[in-house]
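FYI, the numbering for the sequence shown is -13 to 632, going by our numbering.
Ideal Cβ positions, reconstructed from N, Cα and C, are used throughout, including at glycine.
Computed from a predicted model, the values in this text were never measured in an experiment.
Here is the structure we will look at.
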Amino acid sequence: MKTPQEIENLLERILPRVTKPGRYTGGEYNQVVKDWAEVDYKVALAFPDIYDLGMSNLGLMIMYDIINKHRNLLAERVYSPWDDMETVMREREIPLFSLETKHPIRDFDLLAISLPYEQLYTNALNLMDLAGLPIRAEERDASYPLVIAGGHACYNPEPMARFIDVFVIGEGEEAILKIIGVMRAAAHLDRETQLRYIAQIEGCYVPRFYDVTYHDNGTVKAITPNMPEAPAKVMKTIVPVMPPPVTDFIIPFVELVHNRAPIEIMRGCTRGCRFCHAGMVTRPVRERPVEEVLTAMEQILESTGYEEIALLSLSSSDYTHVLELTEKIGQRFGHLGLNISLPSLRTETVSTQLMDNLGDGRRGGFTLAPEAATEKMRNIINKYVTHEELLETAREIYRRDWRTIKLYFMIGHPMETMEDVQAIADLAHQVLAEGRKFHNNKASVNVGVSTFIPKPQTPFQWEPMDEVDQVYDKINLLKDKMRGRGIRLRWNNPKESLFEGYLSRGDRRMAEVVELAWRKGAKFDAWHEHHAEAAWNEALAEVGLDPRFYTHRKRTIDEIFPWEHIDIAVTKKFLTQDYLMSQAQETRIDCRHQCFACGILPKLRDLRRETEDDAWECPPVPTRPHHKPRQERVPEVAGIPLTVIQ
């Protein structure tokens, strides 16, 4: 294993030979560098894609900020090297290293991998291999870093169960410190004993402590814990109040995919779109106070110099104080010429005042996501907005000098017909006609179309995907109907959606496919020009799995899903009811206005009771005289409690 100094010396010679050497140098403004000899526990935070993408990942930066605020802990970053750099690293036997101090990842105590989407699976394996770690968890003893993973792709962790020691299900801000505390206290113990302690931390799923059996037809028969410390269901972990936002963002040396400073203004969503995985798994809704956002903006501008601030949430216009916030941003920062982006705006909550507060529209497009273009389809997906509301919103956007409107739709929804697809083209032309009333031929409409994937933990998890040939027919219809000046159509490759579909819906047997595909050369699967479709098809065939079993088979209501033991606090009963409502084209209103008993309140009752009433959008739970504050469970093995050191 090479030392940091040896790695530094080698980098001086090889970096001139690779593209964008700034990806690998570290040394950026605002990075945190600590004295290794003075720190007790060391964490490598990994995003398994290139620097240009990983540096924009807010989740990783939140972990970086939280861990490095502790004097006895350090966190350093690592990203996947691009092909040219990987080739040189393997030729020169350079292990994967951290950006901050060039320590080999093998030297760290913990490797935390972010998995926001399934196409990163093979990159995660490649990253571990470059670091000199066995990719299978069972082959790593306590001399190796503990490998944990978190992110939205972990709500069905089974396709990666063979490779990860611990999955953090839910929000990691508190869980990561609990895991570190346990590992510091149990450092002298063997890996299995360490994991038995960790399995008792809320939100921590240890795959090796569960056995999966199957019916003859290939469906899951049972998922059973094989260790007394492992709960039958792993309840997601959340933070009751959003932690302070990151403000000391690291300033990159190369241009990022999102060159801006993000502030999360709200977490969760109350709308209940039936296709939306994020909307289901991130409940309950928690909002950040306006003054905290404004203070964070001041600190970001002082410490970074960014000229664009992104106010992030799943549905930014649903943020209760969005008008007050945008108005105060204009008052306090308007003279600086900042670009304030507010992604994920819902058509029915975009008010004229909000448009006025957002200011000069000529800087870019205004984005709306109707997702469907007919009343029938909007009822099915529970994203109802009238045709006139959408056109009126477009009219007001164009009136305020925005010249481009971006519209996002999804095709392949359950019960969709070609007439529903034709309606997308019709609606786009109608929106363009509104724009031309104000801007003539300078008005434009950009339409993005993606393919529906029935994601785990959603009301549509029982549905099959649309046939690929049918999806191509729908795309061809849109291409034919959206010709001419002012309309631009973009779509994703249906085969890429099929790939994401069988990974996101896979069971534990899919892990063998992931490993085999990687050994056949698959990596950077999120990059369409690099996706090795042949390698995946060969791996599926050799393992004996048919991807259509996961993507094109309608489930019975009582089927046990591969993710059945992962509890997102939204009950299966609620999801089932919502699925049956979709088939009847029935909708639910925003649950801010009526609680539909999704499961959040009964399952997180104590946490809700101990949180300020206005901190969540869920109704408050009254405190009864006999109520005792929730006690933090202390992990124990064989009846012996373990003191967690923070």
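The Cβ neighbour count for Gln(-9), taken over all protein chains shown within 10 Å, is under 16; the residue is labelled exposed. Inter-segment contact for the segment 491 to 501 and the segment 86 to 97 is absent: fewer than three beta-carbon pairs are separated by less than 8 Å.
The beta carbons of Tyr183 and Val206 sit no closer together than 8 Å. Looking at Ile99, Phe582, Gly345 and Asp93, the one whose alpha-carbon comes closest to that of Gly45 is Ile99. By the beta-carbon neighbour count (other beta carbons within 10 angstroms, threshold 16), Lys559 is exposed. DSSP places Tyr130 in the coil class of the three-state scheme, outside both helix and strand. Non-local C-beta neighbours of Met75 in its own chain, meaning closer than 7 Å and more than five positions away in sequence, comprise Pro67 and Leu116, ordered along the chain.
Annotation: the segment 6 to 68 contains the following complete segments of the beta strand (DSSP E) (minimum length 3 residues), in chain order: 27 to 33 and 59 to 65. Between the alpha carbons of Ala264 and Leu297 lies a gap of roughly 17 Å.
For Asn365, the uninterrupted alpha helix (DSSP H) run begins and ends at Glu361 to Ile367, by DSSP. Pro214 and Tyr141 have their C-alpha atoms roughly 22 Å apart. Phe94 has its alpha-carbon roughly 12 Å from the corresponding atom of Ala128. Residues of the same chain with a CB within less than 6 Å of the CB of Gly398, apart from the 5 flanking positions on each side, are Thr437, Phe438, Asp452 and Val457 in chain order. Excluding its 5 nearest sequence neighbours in each direction, Ala172 has C-beta neighbours in its own chain below 8 Å: Thr179, Gln180, Tyr183 and Leu628, listed in chain order.
In the structure shown, Met(-13) falls within a coil segment according to DSSP collapsed to helix, strand and coil.
Residue environment: Glu515 is assigned as exposed (fewer than 16 neighbouring CB atoms within 10 Å of its CB, all protein chains considered). The DSSP-derived three-state label of Cys140 is helix. Classified as buried, Met228 has 16 or more neighbouring CB atoms from the shown chains inside 10 Å of its CB. Judged by DSSP secondary structure, Trp522 falls outside any beta strand (DSSP E) and instead within the alpha helix (DSSP H) spanning Glu519 to Val529.
Its Cα nearest to that of Leu393, the residue Val433 stands out among Val308, Val433, His415 and Ala358. Taking each of Leu280, Gln285 and Ala185 in turn and checking the Cα distance to His307, the smallest one comes out for Leu280. Out of Arg(-1), Ile53 and Glu375, the CA that lies nearest to the CA of Val19 is found in Ile53.
Ala185 sits in coil when the DSSP states are folded into three classes, being neither helix nor strand. With contacts defined as CB atoms closer than 8 Å, Gln580 and Ile366 fail to qualify as a contacting pair.
Segment contact: the segment 21 to 38 against the segment 102 to 117, three or more CB-CB distances shorter than 8 Å; contact assigned.
One Cα belongs to His373, the other to Arg422, and the distance between them is close to 18 Å. Here Ile543 is exposed. Its C-beta has fewer than 16 other C-beta atoms within 10 Å.
In the DSSP annotation of this structure, Gly434 is not part of any alpha helix (DSSP H); the continuous beta strand (DSSP E) holding it starts and ends at Ser430 to Thr437. Put simply, of Glu420, Asn368 and Tyr370 the residue whose alpha carbon is nearest the alpha carbon of Glu382 is Glu420. Annotated three-state conformation of Glu501 is helix, per DSSP.
In the DSSP assignment, Pro533 falls within the unbroken alpha helix (DSSP H) covering Pro533 to Thr537.
Sequence-distant Cβ neighbours of Asp51 in its own chain, meaning closer than 8 Å and more than five residues away, are Val232 and Asp234. One Cα belongs to Lys6, the other to Glu(-2), and the distance between them is close to 14 Å. Within the same chain, Cβ atoms closer than 6 Å to the Cβ of Phe83 are found at Ile(-7) and Pro90, the five residues on either side in sequence being excluded.
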